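Keeping their order, the protein sequence lines are chains A, B, C and D.
Here the first sequence is numbered in full-length UniProt numbering, starting from 1 and rising by one per residue.
Here the second sequence is numbered in full-length UniProt numbering, starting from 1 and rising by one per residue.
Here the third sequence is numbered in full-length UniProt numbering, starting from 1 and rising by one per residue.
Here the fourth sequence is numbered in full-length UniProt numbering, starting from 1 and rising by one per residue.
Glycine included, every Cβ here is placed at the ideal spot set by N, Cα and C.
All values derive from a computational prediction rather than experimental measurement.
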Amino acid sequence: MSAFSTEERQLLDDSFNEYFRDNYGATHAVALARSGDPDGFGRKEWSDYADLGWLGLTLPEAAGGSEGGLTEAGIFFAAAGRYLAQEPLVQTLVLGAGSITRLGTPEQQKQLKEIAEGKLLVGFLHAELASGYDRSHVTTIAQPIEGGFRLTGEKAFAVGAHSADILIVSARIGDAAGPVGLFLVPADTDNMQFTVAPAIDGRRGAAVRFEDAELGKDALLGNNTEDRTLEIDTLLDHGTLAVCADALGAMVAATEITTEYLNTREQFGRKLADFQVLQHRVADMKVFCEEARVVIHAALTAVDEGAPDANLAIWRAKVQTARAARFIGGQGIQLHGGMGMTDEMPIGHYYKRLTMCEAMFGDAEWHLDRLASMTNMSVNGSAATGS
Amino acid sequence: MSAFSTEERQLLDDSFNEYFRDNYGATHAVALARSGDPDGFGRKEWSDYADLGWLGLTLPEAAGGSEGGLTEAGIFFAAAGRYLAQEPLVQTLVLGAGSITRLGTPEQQKQLKEIAEGKLLVGFLHAELASGYDRSHVTTIAQPIEGGFRLTGEKAFAVGAHSADILIVSARIGDAAGPVGLFLVPADTDNMQFTVAPAIDGRRGAAVRFEDAELGKDALLGNNTEDRTLEIDTLLDHGTLAVCADALGAMVAATEITTEYLNTREQFGRKLADFQVLQHRVADMKVFCEEARVVIHAALTAVDEGAPDANLAIWRAKVQTARAARFIGGQGIQLHGGMGMTDEMPIGHYYKRLTMCEAMFGDAEWHLDRLASMTNMSVNGSAATGS
Amino acid sequence: MFFNSSAHNPSLDEFREEVRAFCRKEISGDFGRKLELGQHLEKPEYDAWLKALAGRGWLAGNWPKEYGGLGWEPEQSAIFNDETARAGAPWLIPFGVTMVGPVIYTFGSEEQKKRFLPDIVANNLWWCQGYSEPGSGSDLASLRTAAVKGTDADGEHYIVNGQKTWTTLGHWGDWIFCLVRTDPDVKKQKGISFLLIDMKTPGVTVRKINTIDMGHHLNEVFFDNVRVPAENLVGEENKGWDYAKFLLGHERAGAAGVGKFTRYMDQLRAVLAITNEGGKPLSESPYFRRRIADLEVSIATLAALSEDQRTAFHAAGSPSLIGAGALKLRASELQQEILQTMTEVLGRHGLAYQTDALMAGWNGELIGPKESAGILYEQLIRRAATIYGGSSEIQRTIIAKSAFAG
Amino acid sequence: MFFNSSAHNPSLDEFREEVRAFCRKEISGDFGRKLELGQHLEKPEYDAWLKALAGRGWLAGNWPKEYGGLGWEPEQSAIFNDETARAGAPWLIPFGVTMVGPVIYTFGSEEQKKRFLPDIVANNLWWCQGYSEPGSGSDLASLRTAAVKGTDADGEHYIVNGQKTWTTLGHWGDWIFCLVRTDPDVKKQKGISFLLIDMKTPGVTVRKINTIDMGHHLNEVFFDNVRVPAENLVGEENKGWDYAKFLLGHERAGAAGVGKFTRYMDQLRAVLAITNEGGKPLSESPYFRRRIADLEVSIATLAALSEDQRTAFHAAGSPSLIGAGALKLRASELQQEILQTMTEVLGRHGLAYQTDALMAGWNGELIGPKESAGILYEQLIRRAATIYGGSSEIQRTIIAKSAFAG
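If you want it as structure tokens, here you go:
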């Protein structure tokens, strides 16, 4: 599907990394996240991404995009995670633009151009207070009314929702047994109540309550009342894989800075890097990075090639990545010793980013449960290695 | 309950260890196990145990025993495991004598004296081909007939069953819905078919098929048809804990010989013991030994004090011990390198003993499932730490 | 030998009940609410709690009677630690009562005992620990803060220069006990002394360290030509390392009550009960059910380790090195594991971390269970559990040394 | 860069089918049955299989065409390894075709190429590896078997004295390639040579080593004044260490097809299906269901590692050290983990280990599933997987070195 060659991907990767290395990193990320500014991320950076064409990376040509696949987006997210970029990239590009691309009417698709131009930030509100990671539990109701819908319900905390220009919100149409639709909800719609908070890694988000919020007829994505549960599942799977790529970047960085730290500090008259136990710990961190990289790559390829079991590949990638993230985040701090506990060292910020990545859109154990539910227990039922 | 003081236990422990150190160990164990002799263990040793009063350690005074608790037996089994004793001690003392003590009629109890004197080896056959670790699944039938019972069914492989003088066999009385009774079956009863084999650790055992084997009236333990499922469960719990003690001895020995090995071998011009990674591995082995020791001790105390949740303490001990066994067995070989793979080094025999202990009467995961099924999920339901 | 005899001592049941009743009474109202939410306490709140304990004599309950203690047996100490932790009591600030106090009553002068011990027993002063330095973490003996002896018009004194770090709650400190280098020319352990320093002395500066939870608990303490009267030296000059090791043993003997773990499990069950997945409480999830069973195996093991260590300490008069190391290792690992499990639950609520909610009186809109911020704060700050007090790596080295020694 | 492009090559699907068909045909009857049961093969059985492969040119398929190979691309090798392993084919004895062969065609003389390569391609001789020595395990370069050069009536030769160990299937060996010390006075890596030795030469003694599975696979090989013609030296004297490292890289490039893991998982599913608990097949157990899902995550990861390593090798011409280390580490750990899981299942049958059942033709009464003995044998012998070919500890050291080098 993707027309990008290895060489083109390499060039992309180089330019992402060059940009973020020059413009981002823990200090900048923390400054943005803790600024008095209501966003907690960089508008300037967002407009840079647009100028550099990165917001259109996976969008259709008609929207000014370059029609890349999730792999190209993954390379972008990995670089963003590596330098702790704070902007809601996955939310806007994978979930937001992804929903519109997949489901939007031609009219609705016009918004993609605005996304590519950096004029439209998109939030995605699906999880609810009682859903947990379960993607089929929707109790928010979109009541059809004259000229549109009236939205009532409560959506759980989601990163990026606080600053989005439009929110894509799932709701059952009509009543509690109705089909699940996705609605384009301008953030300035009346009767919406935002509870804004930072997540554990400092990125902001919001929980949102809708109390008879009135939407126009064109708010329903695709303009028909088909049930979108499966589409949402796929979108969130793609979001999951995007978060894995983000985590991969953060793990590579955490391993690098830990290695550097051990190379510079001494204890008992020797460089920390000379202690065999610490060497082997770093080796394990490296191996986890490698494993995450290749398994994420395999899942991205499966998605972009339209493999029928791409979802399983994503779930496996999430299990592996989340476990790697826990190990690398934890050991990153451990190997820094007391210094690792300080707010001033970057490693803690990577730890928190990885904690967030572990949880987003379902953690390792939840995904393992999903895989277990699909596991073929009959003899000759092996599936993990493909054909 | 137990009248043994710390000092008395210390003396017991000393004499057990002295005996086994002088008379046992890997070389002797292997020689016995692989001898052409049908037992594969030591009759001489068995008679020593009797002479030293150890077979009566936990038996009633009336049977010539010293009325010790499971704790005293545990100290014995730990010493036996430490030196790889091959005799079916747990089978005869805990399961065999245990069943008779708990359930036997005064007449049946007379056999305890023979056990104490070393004249009677007892096997215990409960698990069946389709039971797995599940203790409630019994399909063997004891059909009441004129003057006794007729036994039909098939019992799974059990260590020690090949050389037992009597077998204690569970069977449903009457039909598939009947109560489960325990039957004393002389090994020379007609219409029994033994399939003898060594277990992975070299100790022998047998699977036994009963095809209309005729038993006398007095074969039914307790001489009444009450259902014994709960009693069997308790007996097997005690057997489980006894096996944990056996494993503890083996783990302590495996850790010791591995430590010694590292202290004597060199690689890259340095003693293996000087490599930090190997040091820390030994530290982990030591910690696992300590944990197993204290958690087994806690369970033994719970049993001997008649604590109402003694069963939970045993299950926890088994989970912890089985995990420790897997780690210590595996790392014992690993730290020996290629030499650890040879039949001539003791470590492999400890590995196999520990593999056996891990499995006997239910492994870690099965016991964890049992614990999970009993877990209180309500708030303020913590149970692990007692009052 | 493998198994000691141990017996349940029913006479202590009454004491346990007494502690429970005390906790029920004291840990209530706004104070109880703060503790339940895991909010940060202010100094007056700690002081009130410690004063209440001191009022019962319990603060220094395990001290010898001659120094104002109650001469508790180890079992009593264990019950006290266990029950207060289980009730969610505030941290029993150890710097005075568990650390410097025993050093003073064991090695200090009569003068020092009279001057310092009553204030510790009554919680009149806030003590801090001055051990670690930048560059001397695990390798504590390499410390470089220098104390040079001299004499002036006011008498003998030391002039102290250098820096301490990781000083917990040092911003509330009245006094700090420090390891200082009094002889730079001998083997590093041999030139260290144990000095008591009034933090109001000119030249002492405290600077805060922000930690990854975004809170302020730790500090750096700088000493710039600080004049310390020679009478504030504890024991002999250059013997400080011995006192530090004594203190470590003493600390270990009382270590790791499992009450805290019971408390954690209560919290875990609470958040499981009120977190839903697919509309059903997570407490019905087979995964979490098995997870709890698994954690309870580890807690039972830890409880047994702790009990064994106490018995061994009682019997031998000193804790077993392997047992102490095992206890520190496992307690810290398990603490992190339970907190990770709670974080897994909170993942369902999006992991919002409302640090404002850690402040008393905040009444903004909460996201997720009311305990969320407290739990996430704890999960972050307890990453240090495997680092402080001898890192896991140091513990394994100590255990291995003991194992190879046979 | 994080992600390469990689593409599925449909032209290879045909080759995959061809290998499958071949395996279906060859692995059948009594031979197939033995393999299914995991019984020990005898030398004629190995030979028959290897000859069959040689008949297709597949034994040395990835050798250059000029030396009798088919010049396979790495993808083809991978498919071949994968499919044969998945079909449960016998071990592809690597000593000739994967190890000494490439050393000879890369560094050997024309004479040696002519003399040895055709026999390897056709599987006419049984080669063994003479690397490890007692005391030289992980620290291979410390080897001490000495080869002293001399001349006699029959010409230049080496006199070899010393001992090799862990020689797999050495009791069937015709030839052995050895690392020997030709210069004891230089840095240990510098004085090593690579020598080909006919095992029928007087002075060569093979002694069996019994392993923990109670089988005979390994041997010690003793050299007592063994005369080896100088023409059997490969390459230059004292350059043997370079050839050994080359061989290691070559070995790694073809390493760890995941076919074996598919095979294991088939076995695991098979024993789960026929093992009951409480009268119900274990394949219905939630624990084992989750366990399989978990193992499949690891297998998918391993497959991706292996694929990536192949791509990297293809692109760079040499395998990445970290990738190769990761692959060896994880493949060996995972192998042991799956075998432990199978052992967990067999625990339900009492863990009887009927070694007789590993011998062809045995028709005693089996206890447990028919695969039991084969699985337990495998579980025991594969404890060595984390030891041989560079132990897990060595792999981590290599990976760390590479990581710290940046």
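Stretch pair the stretch 353-370 of chain A + the stretch 313-332 of chain A: three plus CB contacts closer than 8 angstroms: Verdict: yes, contact present.
Taking just the CA atoms, how far does glycine 40(A) sit from glutamate 45(C)? Going by the C-alpha atoms only, they are around 34 angstroms apart.
DSSP state of serine 193(C) mapped onto helix, strand, coil: Strand at serine 193(C).
Verify the CB distance criterion: does glutamine 276(B) have a CB-CB separation below 8 angstroms to chain A? The beta-carbon of glutamine 276(B) is placed less than 8 angstroms from the nearest beta-carbon of chain A.
At what residues does the alpha helix (DSSP H) containing serine 170(A) begin and finish? Serine 170(A) -> not in any alpha helix (DSSP H); beta strand (DSSP E) instead, spanning 166-173.
By the 9 angstroms beta-carbon criterion, what residues does the stretch 349-360 of chain A contribute toward chain C? For the stretch 349-360 of chain A, the set of positions with a beta-carbon nearer than 9 angstroms to some beta-carbon of chain C reads His349, Tyr351, Lys352, Thr355, Met356, Glu358, Ala359, Met360 in chain order.
Which term fits glycine 306(B), buried or exposed, when burial requires 16 or more other beta carbons within 10 angstroms of its beta carbon? Under a 10 Å Cβ-count criterion, glycine 306(B) is classified as exposed, with fewer than 16 other Cβ atoms of the shown protein chains found around its own Cβ.
Span separating the alpha-carbon of phenylalanine 288(A) from that of aspartate 284(B): Phenylalanine 288(A) and aspartate 284(B): Cα-Cα distance of roughly 22 angstroms.
Would the stretch 377-387 of chain C count as touching the stretch 241-251 of chain A if we require 3 or more Cβ pairs under 8 angstroms? Judged by Cβ distances under 8 angstroms, the stretch 377-387 of chain C makes no contact with the stretch 241-251 of chain A, as fewer than three pairs qualify.
Around the Cβ of methionine 199(C), are there at least 16 other Cβ atoms within 10 angstroms (buried) or fewer (exposed)? It counts as buried.
Pull up the CB-CB distance for phenylalanine 77(A) and glycine 153(A), whole angstroms please, since I reckon it's below 8 angstroms. Actually they are not in contact, since the Cβ atoms of phenylalanine 77(A) and glycine 153(A) sit about 30 angstroms apart, beyond 8 angstroms.
Own chain residues within Cβ distance below 7 angstroms of phenylalanine 194(A), not counting five before or after: The residues are His162, Ala206, Val208.
Which runs of the alpha helix (DSSP H) spanning at least 4 residues fall entirely within the stretch 206-284 of chain A, listed in chain order? If we require 4 residues or more, the alpha helix (DSSP H) runs fully inside the stretch 206-284 of chain A come out as 229-264.
What does a CB cutoff of less than 8 angstroms around phenylalanine 157(B) pick up in its chain, not counting 5 residues either side in sequence? Thr195, Ala197, Ala199, Gly205, Ala206, Ala207.
Between glutamine 76(D) and leucine 12(D), how many whole angstroms is the CB-CB distance? I'm expecting something under 8 angstroms. About 6 angstroms; that satisfies the 8 angstroms criterion.
In terms of residues, what are the limits of the alpha helix (DSSP H) holding isoleucine 375(C)? Where isoleucine 375(C) is concerned, the enclosing alpha helix (DSSP H) stretches over 372-381.
Are any of the Cβ atoms in chain A nearer than 8 angstroms to that of histidine 280(B)? Yes, contact with chain A.
Separation of glycine 389(D) from alanine 384(A), as counted between CA atoms: Reliability of the predicted coordinates at alanine 384(A) is poor, the pLDDT of 42 falling under 50, and the value obtained from them is presented with this limitation in mind. About 26 angstroms.
Do isoleucine 209(C) and leucine 195(C) have their beta-carbon atoms positioned less than 8 angstroms apart in this structure? The answer is no: Cβ separation not under 8 angstroms.
Can you name the residues that DSSP bridges to glutamate 128(A)? Glutamate 128(A) pairs with Lys155(A).
Please go through the same chain and pick out, in chain order, the residues whose beta-carbon is closer than 7 angstroms to the beta-carbon of aspartate 47(C), but skip the five residues on each side of it. Setting aside the 5 residues that flank it on each side, aspartate 47(C) is surrounded in the same chain by Asn123, each with a C-beta closer than 7 angstroms to its C-beta; the list follows chain order.
By the 10 Å Cβ neighbour count, where 16 or more other Cβ atoms means buried, how is glycine 279(D) classified, buried or exposed? Glycine 279(D) comes out exposed.
Terminal residues of the alpha helix (DSSP H) in which histidine 336(B) lies: Annotation for histidine 336(B): the continuous alpha helix (DSSP H) segment containing it runs 310-336.
Under the three-state reduction of DSSP, which class applies to tryptophan 366(B): helix, strand or coil? Tryptophan 366(B) falls in the helix class under three-state DSSP.
Between Phe15(D), Ile104(D), Pro94(D), Arg269(D), which has its C-alpha nearest glutamate 231(D)'s C-alpha? Comparing alpha carbon positions, the residue from Phe15(D), Ile104(D), Pro94(D), Arg269(D) closest to glutamate 231(D) is Ile104(D).
What residues from chain B crowd round histidine 349(D), counting only those whose CB sits closer than 7 angstroms? Simply Ala156, Phe157.
For isoleucine 375(D), decide whether its Cβ has a neighbour in chain B, counting only Cβ atoms nearer than 8 angstroms. Answer no: the Cβ-Cβ gap between isoleucine 375(D) and chain B never drops below 8 angstroms.
Contact set between the stretch 195-225 of chain C and chain F, restricted to residues whose Cβ is under 7 angstroms from the partner: This model lacks chain F altogether, as its protein chains are A, B, C and D.
Helix, strand or coil for glycine 386(B), going by three-state DSSP, please let me know. Residue confidence for glycine 386(B) is low, a pLDDT of 38 falling below 50, so the modelled location carries little weight; the figure read from the coordinates is stated next. The answer is coil: DSSP assigns glycine 386(B) none of H, G, I, E or B.
Using the beta-carbon count (16 or more within 10 Å), is aspartate 51(A) buried or exposed? It counts as exposed.
Using a cut-off of 7 angstroms between C-beta atoms, extract the partners of histidine 126(A) located in chain D. What histidine 126(A) touches in chain D: nothing, since even the nearest Cβ is about 25 angstroms away.
Measuring CA to CA, which of Gly104(A), Gly147(A), Arg34(A), Val94(A) is closest to glycine 123(A)? Of Gly104(A), Gly147(A), Arg34(A), Val94(A), the smallest CA-CA separation from glycine 123(A) is found for Val94(A).
Output yes or no for whether 8 angstroms exceeds the beta carbon distance between alanine 312(D) and glycine 323(D). Between alanine 312(D) and glycine 323(D), the gap from beta carbon to beta carbon is short of 8 angstroms.
Close-in-space but distant-in-sequence residues of the same chain around arginine 34(B) (CB under 8 angstroms, 5 per side omitted): Within the same chain, Cβ atoms closer than 8 angstroms to the Cβ of arginine 34(B) are found at Gly40, Gly202, the five residues on either side in sequence being excluded.
Are the beta-carbon atoms belonging to valine 303(A) and arginine 316(A) less than 8 angstroms from one another? With contacts defined as CB atoms closer than 8 angstroms, valine 303(A) and arginine 316(A) fail to qualify as a contacting pair.
CB isoleucine 168(A) to CB leucine 184(A), shorter than 8 angstroms? With a cutoff of 8 angstroms on beta-carbon distance, isoleucine 168(A) and leucine 184(A) are scored as near each other.
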